[in-house]
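J.: In this text, residue positions in the sequence shown follow the working numbering: the first is 6, and each later residue adds one.
Note that the Cβ used here is the ideal one computed from N, Cα and C, for glycine as well.
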Amino acid sequence: MPRWESDAQGRLERAALELFEKQGFERTSVAQIARTAGLTERSFYRYFPDKREVLFAGDELQAHLVAQVEAADPDLTPIEALLTALGTADEIFRPREFLLRRVRVIAASPALAERDLIKLADIADALARALERRGIEPGKARFIIDVAVAVSRRATSRWLADPDAALSELVAQTAAELREVVAPPAPTVG
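Here it is as structure tokens:
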């Protein structure tokens, strides 16, 4: 094997996804992933602590969202700052097709679904701390995060299903739907 491994991490991620799709997460070994990527097991462990992490590597999304919340206009409400940040997540996401495939693989494996929830909780915790640094009390910050994550999940599902849609517009649309359900406009008396 060559010492220089061009895009080794990406090759491992793509190989793992392909194998997880073909034979399932549980029946795929680290050795198979490394071999399919043209690398060694040792190379695999340079990038990932275990085979679950190959689909969850990196904290780029978390760092991006926290930075967006911290840089948000101070005049925005906490929920507006958070929803604006979540609407920019597509700047970090991989190509849509990779994400769609990843979602299906995760849904088919309880171990991966559990890891996905843990990663989401880590991001939520980091965002709650970012809101707290903006002066929001911890309980309220957590409540805002929970609502925003629900909005984001629905918007992201729509974004993955519609290649022409902009994530930021879908986040805004979903937030408007939530506002309409929670506080419908008062009927006009005429």
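Residues in the same chain with beta-carbon distance under 7 angstroms from Pro189, minus the five sequence neighbours each way, listed in chain order, please.
T.: none
J.: To which residues of the same chain is Ala170 closer than 8 angstroms at the C-beta, ignoring the five residues directly before and after it?
T.: Arg163, Trp164
J.: Take every Cβ of the segment 32 to 40, pair it with every Cβ of the segment 116 to 125, and state whether three or more of those distances are shorter than 8 angstroms.
T.: no
J.: Beta-carbon within less than 6 angstroms of Ala18's beta-carbon, same chain only, minus the 5 sequence neighbours each way: which residues are those?
T.: At residue 18 the sequence reads Glu, which differs from the Ala that was named. The answer, listed in chain order, is Val59.
J.: With a threshold of 8 angstroms, are at least 3 pairs of Cβ atoms found where one atom belongs to the segment 12 to 29 and the other to the segment 110 to 119?
T.: yes
J.: On the premise that Ala160 lies in contact with Thr179, defined as a C-beta separation below 8 angstroms, what is that separation, rounded to the nearest angstrom?
T.: With 8 angstroms as the limit, Thr179 and Ala160 qualify as a contact, their Cβ atoms being about 4 angstroms apart.
J.: How big is the Cα-Cα spacing for Leu88 and Ala177?
T.: 8 angstroms
J.: Relative to the alpha-carbon of Arg120, which residue among Gln73, Phe30, Gly43 has its alpha-carbon at the smallest distance?
T.: Phe30
J.: Just how far apart, CA to CA, sit Phe49 and Glu142?
T.: 42 angstroms
J.: Within a Cβ cutoff of 7 angstroms, which residues of the same chain sit near Leu183, ignoring the five residues on either side of it in sequence?
T.: Val156
J.: Along the chain, where does the alpha helix (DSSP H) containing Gly15 start, and where does it finish?
T.: 13 to 28
J.: For a test of the three-state rule: what should DSSP assign to Arg139, helix, strand or coil?
T.: coil
J.: Tell me the rounded alpha-carbon separation between Pro7 and Glu137.
T.: Legend: pLDDT at Pro7 = 47, less than 50; position of this residue unreliable, value from coordinates given subsequently. Taking the straight line joining both Cα atoms gives about 48 angstroms.
J.: Helix or strand or just coil, what does DSSP make of Lys56?
T.: coil
J.: Our contact map puts Gln67 next to Thr93 with C-beta atoms below 8 angstroms; I'd like the distance itself, whole angstroms only.
T.: Rounded, the Cβ-Cβ distance is 13 angstroms, inconsistent with contact.
J.: Can you round the beta-carbon distance between Leu70 and Ala90 to whole angstroms, since I take them to be within the 8 angstroms contact cut?
T.: 5 angstroms
J.: When the Cα atoms are used, what is the spatial distance from Gln196 to Glu102?
T.: Nothing can be reported for residue 196: it is not among the residues displayed for the chain, which extend from 6 to 195.
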